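Here numbering that gives the first Met the number 0 is used: the first residue of the sequence shown is 0, the next is one more, and so on. Where a beta carbon is used, it is the ideal one built from N, C-alpha and C, also for glycine. Remember, predicted model here, so these are calculated numbers, not experimental data. Reading through the structure tokens given below for one structure.
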Amino acid sequence: MMRARPFNIMNQAPEAPIDHDALFKELLHQLLEPFLRLFFPQYAGKFDFRTMRFLEQEFFTDFPSGKHRYIDTLVEIFTLSGELILIHVEFQSTHKSDFPKRMFRYFSQLRLRRDTPIWEIVLYLPESGCGGIGFETYEETLLGETFLPFRYWCISLAELEAKEYLAKENPVAYGLAPLMQRGELSKPRLKAACLRGIVQSEITEVQTALLVHFVETYLPLTKVEEEEFQELIEHEEVQVMEFITSWQRKGRAEGRVEGELQARREILIRLLQVKFGSVPETTVQQVENISFKEELDRLLEQLILANSLAEMGLDGSYSTD
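Put into structure tokens, the structure is as follows:
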């Protein structure tokens with residue numbers, strides 16, 4: 000495979016602020032089962048993941064301000080014993096003192112609305128004080144007595160050890176390790192280890208692209224670090240780029256049908272949204288108008304290295320003729 004330029008998938012810091020919510024929502028949509036097996040192995044084996052269904056985004060009124068808040072991720076799933084439960088996950092890029100109260104309000108309104116048991120989880124990017132994985136608690140007291148104890152699971156990525164989680168050989172661990180404590184691992188070595196794990200995982204091309212995007216977003220390198228990284232990934236570079244061409248080979252084997260084309264269009268649009276945030280309707284229409292599988296494959300491959308929609312020709316000037 001020819002190398003057009005050094006391997007630097009989105010290596011530069013993004014010009015726009017990172018949309019953490021969009022990234023983590025997509026992570027759970029794509030990889031909920033390995034996510035739960037990574038952080039909650041004691042519970043993950045109790046679920047029938049064939050039954051999971053992501054529910055439409057719900058909003059609640061935050062009293063007394065009256066502000067509407069949307070919950071991040073809500074999943075309906077059955078246990079192996081046949082019990083229906085909800086899994087509610089919130090993502091926090093900052094730690095706010097009033098967040099436990101907000102979680103209680105989410106829980107109480109959602110419980111009234113759905114009348115279904117709820118497993119509450121919050122995922123913090125910064126340190127939260129919960130010791131990596133633990134509980135946060137919201138309490139209300141009256142006359143010196145606690146009469147409302149409410150607790151929920153807390154994952155604080157910044158309090159976890161990357162080396163420990165890389166050893167678990169879980170694809171989600173490779174994507175999230177850049178947000179954990181590096182310990183003695185240098186950034187280039189951590190990045191190489193993450194990419195190696197991702198490309199060796201038995202996951203789909205879309206899941207691979209998403210996890211590579213996580214590594215590139217949350218583990219940017221300086222010029223000196225990039226040089227060290229280049230020396231470490233001679234073999235990994237070929238593997239990472241080949242996952243895109245494997246998509247092309249699979250498409251040829253499965254046949255040229257409209258359903259396949261539409262699936263490619265939808266995946267491309269979703270990955271554009273994950274990488275660039277809001278995607279203009281004109282761009283969506285451009286993608287929808289593409290009728291050649293090879294063109295969609297080219298754009299999927301180009302997406303890995305592109306830094307903007309304009310660079311891909313998807314900013315309104317692109318033509319499918």
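Contact between Val-171 and Pro-33 holds: their C-beta atoms lie close to 5 angstroms from each other, under 8 angstroms. In this structure, Leu-295 keeps its C-beta atom at 8 angstroms or more from the C-beta atom of Ile-303. DSSP places Arg-49 in the uninterrupted beta strand (DSSP E) bounded by 46 to 53. For Gly-128, the three-state secondary structure derived from DSSP is coil. CA-CA distance, Arg-101 to Glu-138, rounds to 12 angstroms.
Judged by DSSP secondary structure, Gln-91 falls within the beta strand (DSSP E) whose first and last residues are 83 to 91. According to the DSSP secondary-structure assignment, Arg-150 is paired through a beta bridge with Thr-136. Here Phe-59 is actually not in contact with Arg-113; their C-beta atoms are around 12 angstroms apart, not less than 8 angstroms. Of the residues Lys-162, Lys-292, Gly-143, the one whose Cα lies closest to the Cα of Met-179 is Lys-162. Glu-230: member of the alpha helix (DSSP H) spanning 222 to 231, first to last residue.
Annotated three-state conformation of His-94 is coil, per DSSP. Counting only runs of 4 or more residues that sit fully inside the region 169 to 201, the alpha helix (DSSP H) segments are 170 to 175, 186 to 199, in chain order. Judged by beta-carbon spacing, Phe-149 lies beyond the 8 angstroms limit of Thr-140, meaning their Cβ atoms are not closer than that value.
Checking the DSSP bridge columns, you'll see Ile-117 partnered with Leu-85. Here Ile-17 carries a coil assignment [DSSP, helix/strand/coil].
Counting along the chain, no alpha helix (DSSP H) covers Thr-72; the unbroken beta strand (DSSP E) around it starts and ends at 72 to 78. In the DSSP secondary-structure assignment, Leu-141 is bridged to Glu-144.
Taking the CA atoms as reference points, Val-223 sits about 33 angstroms from Leu-267.
Scanning the region 275 to 320 from its first residue to its last, the whole alpha helix (DSSP H) runs of 4-plus residues come out as 280 to 287, 292 to 304, 308 to 311. Approximately 6 angstroms separates the beta-carbon atoms of Gly-131 and Ser-155; this is inside 8 angstroms, confirming the contact.
Going by DSSP, Glu-163 is part of the alpha helix (DSSP H) stretching over 161 to 165. In this structure, Pro-187 keeps its C-beta atom at 8 angstroms or more from the C-beta atom of Tyr-217.
Distances from the alpha-carbon of Leu-79 to those of Phe-98, Tyr-42, Leu-142, Lys-292 put Tyr-42 closest. For Tyr-123, DSSP records a beta bridge to Gln-91, Ser-155. Membership of Thr-203 in any alpha helix (DSSP H) is not indicated, and neither H nor E is assigned to it by DSSP.
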